[in-house]
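Taking it in order: structure first as structure tokens, then the write-up.
Protein chains in written order, with this note's numbering: chain A, 1 to 251; chain B, 252 to 502.
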């Protein structure tokens, strides 16, 4: 990455049949999305894919040149369905080898060599050349190879791993945001909002309809890394919403 | 689709900057995943992508030949950031045109032609040749073109649209599942579970670690469309877990 790079982007790959079958609700995407905003890294895409070796390899190949960072969650445990390490190795054309740092971490965690069953030793098998990502919760580490950061699927463990790597990630200026809540349906304000978006092209204006108890309302989210411009655009949006509110009251 | 086809698959495309920025937690994936299991349709992949026309087009092109159904959510409202209809039209190489059925639905909903502002009329602009998907909650319909079903992003509206199309979808035999809860960490039972997976190759055995209050446990999820075989495999897994529990008690 060049030093004068202005923006940084990431993709998330959630590896897990349990998300696709609906058994488990994915909690990792939203947690990571919010952390990436804080770090000034734009989340460009999320993919949820099954525990299939070739699918993991293809997905990494499709994403890795388009973003600065790839974060994966899931599939690094001791069971037969944990195939992330060998699949990521496949994506980079390297073998998995027993990593001595990972072996030491597992030995410390389980206390004796006799406890390092074949299943547990599997968690010390990492792609050749990978760096360790510490696991502050259980023994088995995550790892980094190229721009791919491989983390656990259990949210508490994934979060611990991400906190460990966050200081090493480079981001751009954080994008500030302002939300203007509007008690009217989207379609009432849409024409005027379109005009304001044209007037402030540098400010990203998102319009998100809400529907609750039979009533529509709208959240208008403005995002921009220039805070002065953002404040000005937000003021204009608030004034537009106020005009519509008055008009609706007089009906 | 041929009549003797045994299995059916789907992909979901969540179109929404608000999910990628972490502002909104995606609730549509899990709801759809569970409904697809009931319908005997395997969810092969989920992608969360931004509101960018070319990205939507590329994603549809990448996914549409590999699955029977694509379901999209988000971006069909009246504002400038609602670009799903024109993007899906682009993916199919057709224009968007004012759909007379959609126009009629909007007229019914808003009550008078004078109420059909440019923003609201935008919701009647659909890809040429698309079929309408009724929106039981608000006026603006979803649509279907090819194997792509385009639905709203607001969960209650999306759910209403999906319930409307569900009877028209073809699925295979539903996959039954049994969950065996195990109070031990994954690594204790992993070797034996691997052996059982080898013994029952037709049964998909997933192992999902849980971590709560500093204690690890494991959920073992067995899935198979043959219920007798599933019951037999579940019995073997339960017996294996019971053996480990006894052993751990005597330590």
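Glycine residues also receive a C-beta, built at the ideal position from the N, C-alpha and C atoms.
All figures in this text were calculated on a predicted structure; none of them were measured in a lab.
Could you check what DSSP says for residue 327(B) in three-state terms: helix, strand or coil?
Along the second chain, one-based indexing puts residue 327(B) at 76. In the structure shown, residue 327(B) sits in coil (DSSP, three-state: anything other than H, G, I, E or B).
Beta-carbon separation of residue 476(B) and residue 432(B) under 8 angstroms?
Along the second chain, one-based indexing puts residue 476(B) at 225. Along the second chain, one-based indexing puts residue 432(B) at 181. Against a cut-off of 8 angstroms, the Cβ pair of residue 432(B) and residue 476(B) comes out as no contact.
So, is residue 252(B) buried or exposed, given that buried needs 16 or more other C-beta atoms within 10 angstroms?
Locating residue 252(B) in the second chain gives position 1, where the first residue counts as 1. With a pLDDT of 47 at residue 252(B), under the threshold of 50, the predicted position of this residue should be treated as unreliable, and no value is reported.
Residue 5(A) burial status per 10 Å Cβ neighbour count (16 or more: buried):
Locating residue 5(A) in the first chain gives position 5, where the first residue counts as 1. Classification of residue 5(A): exposed, given that the 10 Å Cβ count is below 16.
Terminal residues of the alpha helix (DSSP H) in which residue 58(A) lies:
The residue labelled residue 58(A) in the question sits at position 58 within the first chain. That run of the alpha helix (DSSP H) goes 53 to 64.
Let me make sure I understand the geometry here. Which of 361(B), 492(B), 323(B), 337(B) has the alpha-carbon closest to that of residue 444(B)?
Counted from its first residue, the second chain places residue 444(B) at position 193. Cα-wise, what sits closest to residue 444(B) is 492(B).
For a quick check, are the C-beta atoms of residue 457(B) and residue 134(A) less than 8 angstroms apart?
Stepping through the second chain from its first residue, residue 457(B) is reached at position 206. Stepping through the first chain from its first residue, residue 134(A) is reached at position 134. No.
Please specify which runs of the alpha helix (DSSP H), each continuous and at least 4 residues long, are wholly inside the region 274 to 302 of chain B, giving them in chain order.
279 to 289
Looking at chain B, which residues of the region 183 to 194 of chain A have a Cβ within less than 7 angstroms of any of its Cβ atoms?
186, 187, 190, 191, 193, 194
Please list the partners that residue 350(B) has in chain A, where partner means a Cβ-to-Cβ separation under 8 angstroms.
In the second chain, counting from the first residue as 1, residue 350(B) sits at position 99. Near residue 350(B) there are no residues of chain A at all, since even the closest Cβ is about 17 angstroms away, more than 8 angstroms.
Quick check on the DSSP output: the alpha helix (DSSP H) that includes residue 416(B) runs from which residue to which?
If you number the second chain from 1, residue 416(B) lands on position 165. Counting along the chain, the alpha helix (DSSP H) containing residue 416(B) begins and ends at 406 to 416.
What is the DSSP secondary structure of residue 463(B), reduced to helix, strand or coil?
Translated into the one-based positions of the second chain, residue 463(B) becomes position 212. Residue 463(B) falls in the strand class under three-state DSSP.
Where does residue 448(B) land, buried or exposed, given buried means 16+ other C-beta within 10 angstroms?
Locating residue 448(B) in the second chain gives position 197, where the first residue counts as 1. It counts as buried.
Could you pull out every residue in the same chain whose Cβ sits closer than 6 angstroms to the Cβ of residue 172(A), ignoring the five residues on either side in sequence?
The residue labelled residue 172(A) in the question sits at position 172 within the first chain. Counting only Cβ-Cβ distances below 6 angstroms, and skipping sequence neighbours, we find 6, 7, 8, 40.
Return no unless some Cβ of chain B is closer than 8 angstroms to the Cβ of residue 80(A).
Translated into the one-based positions of the first chain, residue 80(A) becomes position 80. Yes, because at least one Cβ of chain B sits closer than 8 angstroms to the Cβ of residue 80(A).
Only counting runs of 3 or more residues, tell me where the beta strand (DSSP E) segments fall wholly within the region 356 to 437 of chain B, in order along the chain.
376 to 378, 382 to 384, 393 to 396, 399 to 402, 427 to 433
Check the DSSP bridge columns for residue 204(A) and list the partner residues they point to.
Mapped onto the first chain, residue 204(A) falls at position 204. DSSP, once it has assigned bridges, lists 223(A) as partnering residue 204(A).
Under 8 angstroms, Cβ to Cβ, is there at least one residue of chain A near residue 506(B)?
Residue numbering for chain B in the displayed model covers 252 to 502; residue 506(B) lies beyond these limits and cannot be assessed.
Count the CB pairs spanning the region 161 to 177 of chain A and the region 129 to 149 of chain A that are closer than 8 angstroms, and state whether there are at least three.
yes
CB residue 95(A) to CB residue 126(A), shorter than 8 angstroms?
Counting from 1 along the first chain, the entry for residue 95(A) is found at position 95. Counting from 1 along the first chain, the entry for residue 126(A) is found at position 126. Against a cut-off of 8 angstroms, the Cβ pair of residue 126(A) and residue 95(A) comes out as no contact.
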